[in-house]
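Be aware that the sequence shown starts at 1, since it is given in the working numbering, and climbs by one per residue. Using N, Cα and C, we set each Cβ at its ideal position, and we do this for glycine too. Report on the following structure.
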Amino acid sequence: MTRSKIGLIKARVLVTVEINGKISQPNDVIEVDDDTLWDRRASLDADPAAVAYAESLHAKAKRKRELERELTLE
1 MTRSKIGLIK
11 ARVLVTVEIN
21 GKISQPNDVI
31 EVDDDTLWDR
41 RASLDADPAA
51 VAYAESLHAK
61 AKRKRELERE
71 LTLE
């Protein structure tokens with residue numbers, strides 16, 4: 001598990017889930033406390049490899065948007 005500076009755990013969202021009034025989609029990376037992770041263990045994956053994978057998806061999507069924006073500006 002990867003903990004943030006304030007003691008929360010980073011987790012990859014596996015299925016659409018609502019936590020504390022916020023809806024998260026699959027492959028989002030969120031930070032939750034131990035109790036929430038346990039309560040939502042079927043919906044969240046805190047394995048560092050899973051978190052890294054989800055973060056890599058977001059990085060690739062962001063880079064793709066940046067490249068598309070650059071192409072439209074030329």
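Would you call residue i buried or exposed, if buried means 16 or more other Cβ atoms sit within 10 Å of its Cβ?
i	result
I6	exposed
What does the alpha-carbon distance come out to for the pair residue i and residue j?
i	j	result
I19	A46	15 Å
R41	A11	10 Å
V29	D39	17 Å
E31	G21	14 Å
For a quick check, are the C-beta atoms of residue i and residue j less than 8 Å apart?
i	j	result
I9	T16	no
S43	V13	yes
A49	N27	no
So who's on the other strand from residue i, going by DSSP bridges?
i	result
E88	The chain is shown from 1 up to 74; residue 88 falls before or after that span and cannot be answered.
V17	S24
Original post:
Is there contact between the stretch 33-40 and the stretch 48-66, where contact requires at least three CB pairs shorter than 8 Å?
Top reply: no
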